[in-house]
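**Student:** Residue numbers (this note's numbering), protein chains in the order written: chain Y, 1 to 175; chain W, 1 to 129.
Even for Gly, the Cβ is constructed at its ideal location relative to N, Cα and C.
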Amino acid sequence: MKLAWTIMGFALLVALLAAGLRLNPREVPSPLIGKPAPPFELPLLAAPGKTFSQKEMAGKVWIMNVWASWCPPCLVEHPVITQLAKSGIAPVVGLNYKDTREDALPWLARNGNPFQLTVFDASGRIGIDYGVYGVPETYVIDRQGLIRYKHIGPVTAEVAEKKIAPLVRELNGGK
Amino acid sequence: MLVCFSLHAEEAALEKRARALEQELRCLVCQNQTLAESNAPLAIDLRNQVREQLAAGKSDEEVKSWLVARYGDFVLYRPPFKASTLLLWGGPFVFLLLGAFLLLRVTRKKRPAAELSDADRARAARLLE
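1. Closer than 6 Å by C-beta to Ser169 (chain W): which residues in its own chain qualify, once you throw out the five before and the five after it? Chain order, please.
2. Using 8 Å as the limit for Cβ to Cβ distance, is Leu14 (chain W) near chain Y?
3. Considering only the beta carbon of each residue, do Tyr133 (chain Y) and Tyr71 (chain W) sit closer than 8 Å?
4. Can you grab the Cα-Cα spacing for the pair Ala58 (chain Y) / Leu46 (chain W), in whole Å?
5. Along the chain, where does the beta strand (DSSP E) containing Asn96 (chain Y) start, and where does it finish?
6. Using the rule of at least 16 other Cβ atoms within 10 Å of the residue's Cβ for burial, across every protein chain shown, is His8 (chain W) buried or exposed?
7. Can you tell me where the alpha helix (DSSP H) with Ile89 (chain Y) in it begins and where it stops?
8. Who are the Cβ neighbours of Lys86 (chain Y) in its own chain at under 8 Å, not counting the five residues just before and after it?
9. Hey, how far is the Cα of Val76 (chain Y) from the Cα of Tyr139 (chain Y)?
10. Rounded to whole angstroms, what's the CA-CA distance from Leu14 (chain W) to Glu62 (chain W)? Just pull it up for me.
11. Could you list which residues in chain W have their beta carbon closer than 7 Å to that of Pro166 (chain Y), in chain order?
12. Going by alpha carbons, who is nearest to Pro171 (chain W) out of Y:Gly124, Y:Leu167 and Y:Leu13?
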C-alpha cells in the first residue's frame, strides 16, 4: 500500500515535469488576440513618399507578416508566405522591421515579393505596439480590424495549412 | 546655477526610477535577463521607451501596464496574482502543506511504539530502586 502511494506520487511528479518540458517558453501568449490591431501610418518600403495605415484594410480579412532582411528565419518561411499569398486566400501585407531600404529592397528582389505592399518600420516602434519580439511574426486580422491570430517565428507549411488558412476561411464566412 | 542643479537632480531621480523599473521587467528576447541586463536590440528599444515615458511624467504602474498590454504578464518578473497564475503562486504552498501532512503521518505512526505499559513501568521502577 505504502509502495503504491510512493509510486503514484512519483508518477505524478514525473507527469508534471514532462508537461513542463513540452511547453515552449518562447511562445509568449499574446495579450493582443481579440484586440484591435494597433493603429499605424507608415511609409511604404518601395515608395518613401507614400504611407499606408491599417485602416485601409477595414472590411477585409488580411495577413500581416513582420520580416527583416537581417533575419535568417524570415528567409526560411518566405516560400510558405509566398505560397499563402499566391493562394489568394487573403492579402498579405509586409512590415519591414528595423531594417534599411538598402538591404530590404534587394532582399525582396532576390527572394520574390509576395506582399501586396510592405510598410517600413525602421525604428521598430510599431513593432513594439504589435508586441513583436522575435521576427518573423505573422498576424491574422479580421474585417473589424481585430487581431485573431499571432504566430511567432517562421510559419511552417503545417501552420499555414492547419491554422492560418482555415481561420481566414472561417473569418471570411466559410468561403 | 540653481536651475542647473535641480535639473541634474531631477535627471538622476528619473534615471534611478528607470533603472529600478528595468530590473522588474523581462527581456523578451533573452528571457532569463531583465531589461536592465540585456543588450538585445529590442531591450535597448524598450529601455528607451521606459525612459521616454517616465520623462513624460508617467507613473511606474502606467509604464508597466503599457508593456503588459503589448507583451502580456510575461514581461513582469513578478507576475500578478490572478486565476491564470494561481498554480504558480499557490503551488509551493500546496507542496508545503503536502509535505507537512506526510511528515505528521509518518511521525504519528511511530508514537504508540514508544508508549510504556504499566508492567513496563513497574519493571523499570524495580530496576531503578
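**Tutor:** Straight from the coordinates:
1. What is shown of chain W runs 1 to 129, which leaves residue 169 (chain W) out entirely.
2. no
3. yes
4. 30 Å
5. Val92 to Tyr97
6. exposed
7. Run containing Ile89 (chain Y): none; DSSP gives neither H nor E here.
8. Pro114
9. 17 Å
10. 15 Å
11. Under the 7 Å cutoff, chain W gives no residues; its nearest Cβ is about 25 Å from Pro166 (chain Y).
12. With chain W covering only 1 through 129, there is no way to say anything about residue 171 (chain W).
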